[in-house]
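Visitor: Residues in the sequence shown are numbered consecutively from 67, following the numbering used here.
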Amino acid sequence: MSARLRAVVAGLAAIGLLPCRLSGGPDEPARGKTAVQLRTDLSRMRARIREKKSAIWSVRRQERRITSEVETVEARLLYAESRLRAVQLRLRLIQRNRQRLTQRIAVTRRRLAAQRGCLATRVRESYEQGPIGYLHVLSQAGSLQEYVTTAYYVEKIVDRDVGLIRNIRKAEIQLRRDCDALEREAREQRALEAEFAQRRAAFRSGVHRKRDLLNQVRSTRHDLEEALDVLEDASRSIARRIRSLQRTPKGRARLLKPWTGRFGRPVDGPVTSNYGMRYHPILHRRRMHTGVDFGAPYGSSIRAAADGVVIMSSYMRGYGNTVIIDHGGGVTTLYAHCSALLVRDGRSVRQGQTIARVGSTGLATGPHLHFEVRHNGTPVNPR
Numbered sequence: 067m068s069a070r071l072r073a074v075v076a077g078l079a080a081i082g083l084l085p086c087r088l089s090g091g092p093d094e095p096a097r098g099k100t101a102v103q104l105r106t107d108l109s110r111m112r113a114r115i116r117e118k119k120s121a122i123w124s125v126r127r128q129e130r131r132i133t134s135e136v137e138t139v140e141a142r143l144l145y146a147e148s149r150l151r152a153v154q155l156r157l158r159l160i161q162r163n164r165q166r167l168t169q170r171i172a173v174t175r176r177r178l179a180a181q182r183g184c185l186a187t188r189v190r191e192s193y194e195q196g197p198i199g200y201l202h203v204l205s206q207a208g209s210l211q212e213y214v215t216t217a218y219y220v221e222k223i224v225d226r227d228v229g230l231i232r233n234i235r236k237a238e239i240q241l242r243r244d245c246d247a248l249e250r251e252a253r254e255q256r257a258l259e260a261e262f263a264q265r266r267a268a269f270r271s272g273v274h275r276k277r278d279l280l281n282q283v284r285s286t287r288h289d290l291e292e293a294l295d296v297l298e299d300a301s302r303s304i305a306r307r308i309r310s311l312q313r314t315p316k317g318r319a320r321l322l323k324p325w326t327g328r329f330g331r332p333v334d335g336p337v338t339s340n341y342g343m344r345y346h347p348i349l350h351r352r353r354m355h356t357g358v359d360f361g362a363p364y365g366s367s368i369r370a371a372a373d374g375v376v377i378m379s380s381y382m383r384g385y386g387n388t389v390i391i392d393h394g395g396g397v398t399t400l401y402a403h404c405s406a407l408l409v410r411d412g413r414s415v416r417q418g419q420t421i422a423r424v425g426s427t428g429l430a431t432g433p434h435l436h437f438e439v440r441h442n443g444t445p446v447n448p449r
């Protein structure tokens with residue numbers, strides 16, 4: 067085991083995800099220890115790992131929950147972005163319209179001021195002329211032609227005064243309308259700016275929350291990947307243990323005896339995952355699957371695939387309760403994630419004999435049997 071892997075596993079053990087005793091490969095027989103002592107060590111490890119199983123399931127539930135929350139946040143962020151774009155467009159239109167209204171109001175006020183000035187001048191002139199009026203002017207005409215000419219100019223003056231008054235009234239009405247429209251636009255702009263600020267704050271909050279959630283997902287996924295690395299290390303440890311046991315006198319005798327039989331089906335149930343590269347159900351990416359998974363109800367009987375001798379019956383890190391049977395000629399079979407172990411090390415078993423019960427111990431997503439065939443400790447395709 068590399069120094070980096072030791073550091074990673076030690077870190078996981080420190081946070082309570084994995085057992086701490088990993089020096090030199092815990093599943094490999096320690097030098098100078100008897101089989102009884104090894105079984106005692108494995109029993110202690112089994113107790114520690116069982117205590118951590120609930121923590122592993124909690125991590126899996128957390129990953130599913132966080133993934134769902136991230137998807138929800140992403141959907142909300144997409145909606146918030148579209149609303150922000152719509153609000154920004156409306157604000158730009160309102161600002162342009164307010165600028166246009168402001169300019170028109172300024173022009174109207176200047177024109178109205180000029181017209182009111184003209185009207186004031188006319189009123190002052192009429193006042194200065196006194197109460198004589200237009201009839202007096204007409205009565206001063208010396209001839210019919212002069213009367214007609216005077217009447218024409220008087221009419222023009224009156225029309226001009228009336229037109230001036232009408233223009234003033236129109237300008238005042240237009241000014242009131244423009245001022246009302248400007249006020250409405252101002253109110254809408256204030257409301258949209260408040261909405262924009264609120265949605266922008268929600269947007270930023272959503273972004274921060276999304277980043278936090280993604281960090282949690284990455285952290286959780288990292289923990290699970292490290293746990294899977296431990297599982298793969300356990301697989302290598304099994305290979306070392308098998309080779310170590312095969313080097314014993316009894317093991318060498320079984321190794322020299324060729325195995326030519328056929329494997330029986332270890333459990334009643336369909337194959338749910340074959341040997342080879344597969345999409346990992348926990349990590350959601352492709353990884354090597356070193357055996358075949360059979361779906362079966364919890365507590366179902368697990369049978370020996372062929373005659374042989376049990377060389378291991380204990381709890382393995384990642385694999386859970388595990389049985390390994392040596393069939394001779396370097397061929398072994400492995401039965402993992404059992405709920406109960408019904409045979410001991412050194413016991414001879416016959417093909418079809420019940421050796422364990424289906425369970426979900428170790429790193430498992432539910433009750434099933436993980437079945438491996440190994441040749442000289444190396445996994446091969448069971449089919």
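Built from N, CA and C at the ideal position, the CB exists for glycine as well.
Helix, strand or coil for Thr187, going by three-state DSSP, please let me know.
Guide: Numbered from its first residue, the sequence shown carries residue 187 at position 121. Three-state result, Thr187: helix.
Visitor: Should Asp93 be labelled buried (16 or more other beta-carbon atoms within 10 Å of its own) or exposed?
Guide: The residue labelled residue 93 in the question sits at position 27 within the sequence shown. Annotation note: pLDDT 42 at Asp93 (below 50); position unreliable, coordinate value reported separately. The residue in question, Asp93, is buried, as its Cβ has 16 or more Cβ neighbours within 10 Å.
Visitor: Considering only the beta carbon of each residue, do Ile368 and Ala430 sit closer than 7 Å?
Guide: As a working note, residue 368 is residue 302 in the sequence shown. As a working note, residue 430 is residue 364 in the sequence shown. In this structure, Ala430 does not lie closer than 7 Å to Ile368 by Cβ.
Visitor: Nearest CA to the CA of Met382: which residue from Gln240, Gln264, Asp299?
Guide: Here residue 382 refers to the residue found at position 316 when the sequence shown is read from its first residue. Comparing Cα positions, the closest option is Asp299.
Visitor: Please report the distance separating the alpha-carbon of His441 from that of Asn447.
Guide: The residue given as residue 441 occupies position 375 in the sequence shown. The residue given as residue 447 occupies position 381 in the sequence shown. For His441 and Asn447, the distance between alpha carbons rounds to 10 Å.
Visitor: Quick check: Ser379 and Leu407, are their CB atoms within less than 7 Å of each other?
Guide: Numbered from its first residue, the sequence shown carries residue 379 at position 313. Numbered from its first residue, the sequence shown carries residue 407 at position 341. Yes, the Cβ-Cβ distance between Ser379 and Leu407 is below 7 Å.
Visitor: Hey, how far is the Cα of Cys404 from the Cα of His274?
Guide: Against the sequence shown, residue 404 aligns to sequence position 338. Against the sequence shown, residue 274 aligns to sequence position 208. Distance between the alpha carbons of Cys404 and His274 is about 43 Å.
Visitor: Residue range of the beta strand (DSSP E) that Val358 falls in?
Guide: Indexing the sequence shown from 1 puts residue 358 at position 292. Its beta strand (DSSP E) spans residues 358 to 361.
Visitor: Just mark Pro332 as buried or exposed, buried being the case when its beta carbon has 16 or more other beta carbons within 10 Å.
Guide: On the sequence shown, residue 332 is found 266 positions in, with the first residue counted as 1. Classification for Pro332: buried.
Visitor: Tell me whether Val337 sits in a helix, a strand or coil according to DSSP, three-state version.
Guide: Counting from 1 along the sequence shown, the entry for residue 337 is found at position 271. It is a strand residue.
Visitor: May I have the straight-line CA-CA distance separating Cys184 from Cys245, to the nearest angstrom?
Guide: Reading the sequence shown from its first residue, position 118 is the one you call residue 184. Reading the sequence shown from its first residue, position 179 is the one you call residue 245. Distance between the alpha carbons of Cys184 and Cys245 is about 24 Å.
Visitor: Per DSSP, which residues does Val424 bridge with? Please list them.
Guide: Walking along the sequence shown from the start, residue 424 turns up at place 358. Answer is Cys404.
Visitor: Out of Tyr385, Gly394, Ser339, state which residue places its alpha-carbon closest to the alpha-carbon of Thr326.
Guide: If you number the sequence shown from 1, residue 326 lands on position 260. For Thr326, the nearest C-alpha among the options comes from Gly394.
Visitor: For Gly418, which residues in the same chain have their Cβ closer than 7 Å to its Cβ, ignoring the five residues on either side in sequence?
Guide: In the sequence shown, counting from the first residue as 1, residue 418 sits at position 352. These residues qualify, in order along the chain: Gly330, Arg369, Ala370.
Visitor: Would you mind reading off the limits of the beta strand (DSSP E) that contains Val409?
Guide: For the purposes of this step, residue 409 is taken as residue 343 along the sequence shown, with counting starting at 1. Note, Val409: premise wrong, no beta strand (DSSP E); not H, not E.
Visitor: Just to confirm, are Leu167 and Leu241 a CB contact at a threshold of 7 Å?
Guide: Against the sequence shown, residue 167 aligns to sequence position 101. Against the sequence shown, residue 241 aligns to sequence position 175. No, they are not a contact pair.
Visitor: Please state whether the Cβ-Cβ distance between Arg142 and Glu251 is less than 7 Å.
Guide: Taking the sequence shown and counting its residues from 1, one reaches residue 142 at position 76. Taking the sequence shown and counting its residues from 1, one reaches residue 251 at position 185. Contact flag unset, no.
Visitor: Which of the three DSSP states is assigned to Ser379 in this structure?
Guide: Position 313 of the sequence shown, counting from 1, holds the residue named residue 379. Strand, per DSSP.
Visitor: What's the C-alpha gap between Leu435 and Ser303?
Guide: One-based indexing of the sequence shown puts residue 435 at position 369. One-based indexing of the sequence shown puts residue 303 at position 237. Taking the straight line from one Cα to the other gives about 20 Å.
Visitor: In the DSSP output, which residue or residues are listed as bridge partners for Asp392?
Guide: Taking the first residue of the sequence shown as 1, we reach residue 392 at position 326. Answer by DSSP bridge pairing, in chain order: Val375, Thr398.
Visitor: Less than 7 Å between the beta carbons of Tyr364 and Pro433, yes or no?
Guide: Here residue 364 refers to the residue found at position 298 when the sequence shown is read from its first residue. Here residue 433 refers to the residue found at position 367 when the sequence shown is read from its first residue. Cβ atoms of Tyr364 and Pro433: closer than 7 Å.
Visitor: Put Leu460 into one of helix, strand or coil per three-state DSSP.
Guide: Here the chain comprises residues numbered 67 to 449, so residue 460 is not present and cannot be evaluated.
Visitor: Tell me which residues share the same chain as Thr399 and place their Cβ nearer than 6 Å to its Cβ, disregarding the 5 neighbours each side in the sequence.
Guide: Translated into the one-based positions of the sequence shown, residue 399 becomes position 333. Result list for Thr399: Ala371, Ile391, Val439, in chain order.
Visitor: Shortest alpha-carbon distance to Ala257 belongs to which of Gln154, Ala180, Met354?
Guide: One-based indexing of the sequence shown puts residue 257 at position 191. Residue Gln154 is the option with its Cα nearest to Ala257.
Visitor: Check Thr326 in the structure and name its three-state DSSP category.
Guide: Within the sequence shown, numbered from 1, the residue matching residue 326 stands at position 260. Note: Thr326 maps to coil in three-state DSSP.
Visitor: Could you spell out where the beta strand (DSSP E) holding Pro332 opens and where it closes?
Guide: If you number the sequence shown from 1, residue 332 lands on position 266. Run containing Pro332: none; DSSP gives neither H nor E here.
Visitor: In angstroms, rounded to a whole number, what distance separates the CA positions of Lys99 and Asp411?
Guide: For the purposes of this step, residue 99 is taken as the residue at position 33 of the sequence shown. For the purposes of this step, residue 411 is taken as the residue at position 345 of the sequence shown. In this prediction, Lys99 scores a pLDDT of 49, lower than 50, which makes its location untrustworthy; the coordinate-derived value is nonetheless stated afterwards. Approximately 15 Å between the Cα atoms of the pair.
Visitor: So, at 7 Å on beta carbons, what are the nonlocal neighbours of Val409 in its own chain, with the 5 sequence-adjacent residues on each side left out?
Guide: The residue you call residue 409 lines up with position 343 of the sequence shown. Same-chain partners within the cutoff: Val376, Ser379, Val389, Val415, Ile421.
Visitor: Grab me the residues of Ile160's own chain with a C-beta within less than 8 Å of its C-beta, minus the 5 sequence neighbours each way, in chain order.
Guide: By one-based count along the sequence shown, residue 160 stands at place 94. Same-chain partners within the cutoff: Glu251, Glu254, Gln255, Leu258.
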